[in-house]
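Take a look at the structure below.
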Amino acid sequence: MSDIELLAASGAETAAMISSGEISAEEVLEFWLGRVSGDQLNGYLWKADNEAALAGVNVDGGALTGVPLAIKDIFCTEGVPTTAASKILAGYRPPFTATSVRNTAAAGMPMLGKTNMDEFAMGSSNENSAFGPSLNPWDTGRVPGGSSGGSAAVVAGGLAPWALGTDTGGSIRQPAGFCGIVGLKPTYGSISRYGMIAFASSLDQCGPLTRNVTDAALLLDVLQGRDPCDSTSVGIEGGVSAPSADRLDGLRFGVPRALIGEGIEAGVLARFEDTLIRIADLGGEIVDIELPHAGHAISAYYVLAPAEASTNLSRYDGVRYGLRSSDEDLLSMYEVTRDDGFGPEVKRRIMLGTYALSSGYYDAYYGRAQRVRTRIVEDFNTAFSEVDFVVTPTSPTVAFKLGEKTADPWTMYLSDVFTVPISLAGIPAISIPAGLAEPDGGGPELPVGFQIAAPAFAEQGLLEAAYALETAIRFDGSAGLAGGAA
Ligand code: GLN
């Protein structure tokens with residue numbers, strides 16, 4: 038067993054090596070902890086040692102026992118620093134562990150560390166982290182995407198075999214696309230949100246970031262399920278199994294042409310069109326569809342998500358968690374703590390959300406955005422009466438340069454144009470690598486993501502289609518893998 042083989046192995050392949058006795062679970066963990074300690078991507082905010090990695094892990098957890106996992110720093114982990122990449126949670130060590138993390142530990146997966154992210158998952162580039170951005174292993178002058186950018190960077194850069202992330206408006210799919218890996222946002226409600234630090238509760242969803250589609254299926258099966266601690270969790274009936282399809286015969290793929298126009302890079306569009314041809318080669322049918330209200334999704338999302346965030350973030354008051362900046366009177370303690378603790382994007386969202394929910398404006402903004410959301414749900418219902426899947430590029434561009442979009446929040450928000458409508462509809466979607474493309478300004482080629490969305494709880498069919506396509510595309514992620522550690 039060479040280090041190179043272990044580095045390149047997927048989660049499932051690593052599990053097979055362990056169960057065949059080629060390598061022990063102890064050796065696998067030692068190898069990965071060594072990789073983590075060489076992190077050149079600012080991918081980890083906290084790194085486990087051997088003892089911490091194994092705390093609470095079932096050493097007899099079944100088929101995936103011994104395959105270690107990186108965890109976005111938005112999941113509460115008992116006794117382990119959990120910051121959501123915010124200064125306001127400095128020093129916070131939760132007294133409990135998120136259900137998702139408990140489930141992966143019960144399945145035998147050690148925790149390698151907690152990954153970098155945009156503060157409270159607000160962002161598309163990782164540049165909103167209070168601890169500096171994580172870097173893209175394909176080109177460390179570029180962003181890994183966000184908000185689960187640390188999770189994507191460590192998987193793509195050979196600093197973890199797989200990772201957990203969260204997706205509210207695209208935060209698993211977009212960084213997976215930027216880093217050349219697979220990212221799955223499951224149906225809202227399929228995985229418990231208990232212990233996941235809340236951003237926008239009606240949208241937040243946990244999901245896997247992996248080297249391939251099979252790993253996404255295996256990890257989803259471990260994560261999904263009803264949890265008495267989250268009344269919105271229902272699980273996926275029958276669970277999920279490893280996909281095996283090699284054809285797409287009889288399946289209809291809807292393309293919302295009107296949405297895929299302006300602002301999209303030529304190289305991204307070219308890889309998207311190539312992938313449509315592959316779908317047809319595999320027997321699938323390409324159908325033009327309309328999503329008449331999807332063009333309003335960004336506007337609705339940036340009212341609804343901040344509205345929910347402004348409520349969720351009111352709990353950080355200097356009393357209950359982490360930072361306390363002043364000990365004068367109570368009111369100034371709240372004010373000074375929140376002023377010191379929150380970064381500019383989080384403050385922007387709290388202001389937007391508080392305004393949208395204020396009496397007198399509630400119906401004009403929040404109420405109207407909710408009505409748009411309902412229309413978008415109806416658009417997808419109509420589409421799925423004609424097609425099995427809806428496909429788009431994952432993002433309009435490849436990974437952009439650090440600093441390129443920080444001056445203008447609106448251009449940053451536009452990078453979610455294809456992911457946000459799906460989040461508002463609550464349906465599942467996966468991003469798989471569709472090849473490489475040059476950025477519009479020129480430069481070395483970078484990964485392009487292809488997004489496939491399916492009706493609620495149709496994860497198995499989604500994974501089968503993604504698997505067949507992935508097998509046909511044969512994406513090579515080795516340039517990314519080489520970029521993570523010195
Ligand atoms: N980029 C989007 C935002 O900033 C989505 C983030 C997410 O999915 N958590 O809100």
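If you want my numbering, it's the position in the sequence shown, counting the first as 1, plus 37.
C-beta: ideal position from N, C-alpha, C; glycine also.
- Non-local C-beta neighbours of V250 in its own chain, meaning closer than 8 Å and more than five positions away in sequence, comprise V219, P280, I467, I469, L500, A503, Y504, E507, ordered along the chain.
- Burial state of A317 is exposed, judged by a 10 Å Cβ sphere holding fewer than 16 other Cβ atoms.
- The secondary-structure analysis by DSSP pairs D204 across a beta bridge with Q242.
- Of all alpha-carbon atoms in F68, S47, A406, M370, the one lying nearest the alpha-carbon of A331 is that of A406.
- For M146, there is no enclosing beta strand (DSSP E), since its DSSP letter is neither H nor E.
- With a beta-carbon spacing of about 6 Å, G98 and A143 fall inside the 8 Å limit used to define contacts.
- Here the distance from the Cβ of F236 to the nearest heavy atom of ligand 1 is below 8 Å.
- The three-state secondary structure of M154, taken from DSSP, is coil.
- Ranking G480, S56, A52, G71 by CA distance to the CA of A523 puts G71 first.
- Remark: three or more beta-carbon pairs, one from each stretch, lie closer than 8 Å, so the segment 434-451 and the segment 297-304 are flagged as touching.
- For S74, there is no enclosing beta strand (DSSP E); the residue is part of the alpha helix (DSSP H) that begins and ends at 62-74.
- Setting aside the 5 residues that flank it on each side, P147 is surrounded in the same chain by L66, A90, L91, V94, P105, each with a C-beta closer than 6 Å to its C-beta; the list follows chain order.
- When G359, G195, P343, N173 are compared, the shortest CA-CA separation from V117 is found for G359.
- Runs of the beta strand (DSSP E) lying entirely within the segment 78-162 and spanning at least 3 residues, in chain order: 81-84, 106-109, 148-152.
- Minimum Cα-Cα distance from S336 among the listed residues M233, V356, S452 corresponds to S452.
- The segment 333-352 and the segment 408-418 touch, with no fewer than 3 CB-CB distances between them shorter than 8 Å.
- Note that the C-beta distance between L255 and L101 is below 9 Å.
- Between E415 and I326, the CB-CB gap reaches or exceeds 9 Å.
- In the three-state reduction of the DSSP assignment, A490 falls in the strand class.
- I41 carries a helical assignment under DSSP once its states are collapsed to helix, strand and coil.
- Shortest gap from the CB of S161 to any heavy atom of ligand 1: under 8 Å.
- CA-to-CA, the gap between D40 and L78 works out to about 20 Å.
- If you draw a 10 Å sphere on the C-beta of D241, you find 16 or more other C-beta atoms in it, and that means buried.
- In this structure, L341 lies near S239, with their beta-carbon atoms less than 9 Å apart.
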